[in-house]
Amino acid sequence: MSFSGKTAVVTGAAGGMGMAISEALLTEGCNVALLDMKAPQADFAGLPGKTMVQKCDVSQDDQVAAAIAAAYSETGRLDYLVNAAAVLWFGRDRSLVDIDLDTWNQALSINLTSLVLTCRHAVPLMKRSGGGAMVHVASTQALRGDDQPQDSYQAAKAAILSLSKSLAIQFAADGIRSNCLVPGPTESPMQDRWKSNPEAKQRTAAAVPLGRVGTPQDMANAVLFLLSDKAAFITGTDLIVDGGLMARP
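Residue numbers (the numbering used here): 218 to 466.
Rendered as structure tokens:
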């Protein structure tokens with residue numbers, strides 16, 4: 218998909234979707250800056266692309282600025298941004314009438330403000346590099362209500378859908394595209410509860426028309442398409458990858 222020699226920044230890259238996306242890009246020869254508070258759970262040695270691990274709290278502007286600047290300085294360009302960092306705090310993130318406001322604000326800073334920070338620092342470097350593409354990971358939770366809500370998470374993911382469209386229009390003339398990946402239920406560190414409750418995973422999978430939950434690789438495949446030249450005429454859109462769940466009546 219012609220990623221060779223290009224540079225990407227991926228947040229939330231230590232595990233789950235972010236790690237799968239990073240590995241897929243590295244396999245295609247892309248240089249990848251992996252931003253996360255933790256070290257990646259995989260060893261990327263031997264892959265064609267350059268791996269740049271950056272310990273970074275994506276809710277902190279100075280850390281985001283330094284990490285993105287370092288990636289640009291090391292490779293001389295910035296072509297792609299993937300915002301995959303997120304937290305989903307079952308039990309703590311609840312209805313807005315009940316949630317502790319510190320929890321609300323902390324979750325928003327990771328799930329939403331991080332996108333603001335990465336875009337503020339990445340877009341100028343993408344312009345210098347002649348354009349690029351961004352993919353922001355939202356969620357099908359942004360498209361529906363929930364009788365067991367995580368309102369801070371849901372509000373952040375809904376805002377991401379809106380901001381992505383705004384970015385698409387603002388920077389189209391600069392050759393920068395912005396799209397969203399909208400995953401349905403997916404195996405990831407955020408769903409570690411399935412390990413101790415496999416019946417819950419089975420119930421979730423049974424509700425999906427294709428009969429299973431998604432995998433990080435499913436999401437990586439979709440993200441690489443949206444970043445690639447094959448999607449050169451696609452911007453400001455939301456790609457739902459949920460096995461048909463949102464199509465159910």
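Virtual Cβ for every residue (Gly too), placed ideally from N, Cα, C.
Burial state of residue i (16 or more Cβ within 10 Å)
i	result
Asn-248	buried
Asp-319	exposed
Asn-396	buried
Phe-450	exposed
Gln-419	exposed
Phe-388	buried
Met-463	exposed
Arg-337	exposed
Lys-223	buried
Local conformation of residue i per DSSP, three classes
i	result
Ile-238	helix
Gln-271	strand
Ser-395	strand
Val-425	coil
Ile-386	helix
Thr-335	helix
Gly-431	strand
Thr-224	strand
Asn-414	coil
Gly-233	helix
Asp-455	strand
Pro-400	strand
Leu-443	helix
Sequence-distant residues of the same chain with beta carbon closer than 8 angstroms to residue i, five excluded per side
i	result
Ile-316	Arg-309, Asp-310, Asp-368, Ser-369
Glu-240	Ala-259, Phe-261, Leu-264, Ala-437
Ala-359	Gln-371, Lys-374, Ala-375, Ile-377, Leu-378, Val-399
Cβ-Cβ separation, residue j to residue i (assumed contact under 8 angstroms), whole Å
i	j	result
Lys-267	Thr-292	7 angstroms
Gln-271	Ala-287	6 angstroms
Ile-285	Ala-231	No, Ile-285 and Ala-231 are not in contact; Cβ-Cβ is about 17 angstroms, not under 8 angstroms.
Gly-235	Val-226	Going by Cβ atoms, the distance from Gly-235 to Val-226 rounds to 11 angstroms, so no, they are not a contact pair.
Own chain, CB closer than 6 angstroms to residue i, minus 5 neighbours either side, in chain order
i	result
Ile-386	none
Lys-382	Gly-453
Tyr-289	Leu-295, Leu-342
Check: residue i C-beta below 7 angstroms from any heavy atom of the ligand NAP
i	result
Gly-401	Summarising the ligand content, the structure contains no ligands, and the ligand NAP is consequently not present.
Touch test, the stretch 325-333 against the stretch 291-303, Cβ-Cβ under 8 angstroms, three pairs minimum: Contact holds: three or more Cβ-Cβ distances are below 8 angstroms.
Sufficient close CB pairs (3 or more, under 8 angstroms) joining the stretch 429-447 to the stretch 350-368: Touching, yes.
Validate contact between the stretch 377-387 and the stretch 451-458 using beta carbons, cut 8 angstroms, 3 pairs: Two segments are said to touch when three or more pairs of C-beta atoms, one from each, lie closer than 8 angstroms; by this definition the stretch 377-387 touches the stretch 451-458.
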